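Chemist: Below is the structure I would like to discuss, written out as structure tokens.
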Amino acid sequence: MENKFTAVVIIAVVCAVLAGVFGYRFSKASDENRTLQEQVTTLEREKTDLNIRLDQLTAANGTLQHDYEGLKAENEALQAKHGKPAKPAGTH
Numbered sequence: 204m205e206n207k208f209t210a211v212v213i214i215a216v217v218c219a220v221l222a223g224v225f226g227y228r229f230s231k232a233s234d235e236n237r238t239l240q241e242q243v244t245t246l247e248r249e250k251t252d253l254n255i256r257l258d259q260l261t262a263a264n265g266t267l268q269h270d271y272e273g274l275k276a277e278n279e280a281l282q283a284k285h286g287k288p289a290k291p292a293g294t295h
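In the working numbering, the protein residues as written are 204 to 295.
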């Protein structure tokens, strides 16, 4: 009878130790998961901000390109009006 009691106590202690080890590891994994989730959320927010900025810059580039084409045509017209040859684009 005493051997059964000792065996039960040993099994209970081993189970408690294993539960503590697994509980600690689970807790640590949960903390790491929470940290990673926060990092993912931050990166997603930054990605959204960068995509918005990219859209703004793309729109601004389109406006500048349109303005450039208009000024280029105006310059060519003025040069033709005054008898000066138009310079190729990109030269000064």
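Think of the CB as a built atom: it goes at the ideal place given N, C-alpha and C, for glycine as much as any other residue.
None of the values given here were measured: they were computed from a predicted structure.
Taking DSSP as the reference, what is the three-state secondary structure of G286?
Modeler: coil
Chemist: The ligand MG and T251: does the residue's C-beta get closer than 6 angstroms to at least one heavy atom of that ligand?
Modeler: Ligands displayed in this structure: none; no statement on the ligand MG is therefore possible.
Chemist: Suppose only complete runs of 4+ residues qualify. What are the alpha helix (DSSP H) ranges in the segment 210 to 287, listed by chain order?
Modeler: none
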